[in-house]
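Okay, structure coming up:
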């Protein structure tokens with residue numbers, strides 16, 4: 003068994019106990035879910051990428067069709083049910099919180115799977131017909147794509163430094179390859 007200290011920022015870290023053969027992908031998925039599940043609870047599933055802002059019916063009538071719980075998207079769920087999604091997500095985030103690291107409490111793979119199943123169940127309660135396949139949360143749940151918070155954002159200065167280092171490494175490799183070809 004291996005004890006991993008997964009840390010993205012000072013406030014986003016947790017301890018994870020896994021076997022040496024285990025994948026870390028399912029571990030980091032909880033942190034990525036946080037923002038997307040909040041968006042899902044507030045606004046509902048994402049529109050299809052090919053859909054434009056207004057449909058033909060909406061442009062003819064001059065105003066948009068509003069759902070019973072309108073919040074910038076006519077397909078958001080009931081606010082009471084969205085609280086259940088938010089609370090389930092808060093429990094999952096608490097499972098992988100900094101306080102658990104300070105208390106030296108680790109998370110197992112089974113605990114993470116249970117939390118992912120609870121999140122999946124809360125989403126199913128809110129959206130019984132399921133989420134569309136292009137929705138970010140649906141892709142993250144099914145494992146076809148990951149959420150955007152999986153990788154930390156990089157500021158411009160760090161990006162420039164990384165690119166300069168990469169370019170320097172490429173130049174060093176290029177020179178060695180060029181020198182080797184001239185000698186033969």
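Numbering (the working numbering), first residue to last: 3 to 186. The C-beta atom is built at its ideal place from N, Cα and C for all residues, glycine as well. Since we're looking at a predicted model, the values are computed, not measured.
For the beta strand (DSSP E) that contains residue i, what are its first and last residues?
i	result
residue 109	108-110
Taking 7 Å as the threshold (C-beta atoms), are residue j and residue i in contact?
i	j	result
residue 103	residue 15	yes
residue 42	residue 108	no
residue 95	residue 128	no
residue 139	residue 19	no
residue 87	residue 142	no
residue 97	residue 112	no
Could you spell out the range, first to last residue, of the alpha helix (DSSP H) harbouring residue i?
i	result
residue 92	81-97
residue 2	Residue 2 lies beyond the range of the chain shown here (3 to 186); nothing can be said about it.
Go through its chain and collect everything with a Cβ distance to residue i's Cβ below 7 Å, but skip five positions before and after it.
i	result
residue 13	100
residue 47	77, 129, 133, 134, 137
Where does residue i sit, in a helix, a strand or coil, going by DSSP?
i	result
residue 40	helix
residue 102	helix
residue 11	strand
residue 131	coil
residue 16	strand
Can you tell me whether residue i is buried or exposed? The criterion is at least 16 other CB atoms within 10 Å of its CB, across all chains shown.
i	result
residue 90	buried
residue 174	exposed
residue 7	exposed
residue 163	exposed
residue 121	buried
residue 131	exposed
Compute the minimum distance between the beta carbon of residue i and the heavy atoms of the ligand FAD, and state whether it is under 6 Å.
i	result
residue 95	As far as ligands go, the structure on display features none, and thus does not contain the ligand FAD.
Which residues in the same chain have their Cβ closer than 6 Å to the Cβ of residue i, if we skip the five residues on either side of it in sequence?
i	result
residue 79	128
residue 61	Any reading at residue 61 needs caution, since the residue's pLDDT is 48, under 50, leaving its predicted position unreliable; the model's value is listed next. No residues qualify anywhere along the chain.
residue 11	none
Identify, in the order they occur along the chain, each residue of the same chain with its Cβ nearer than 8 Å to the Cβ of residue i, setting aside the five sequence neighbours on each side.
i	result
residue 167	none
residue 106	17
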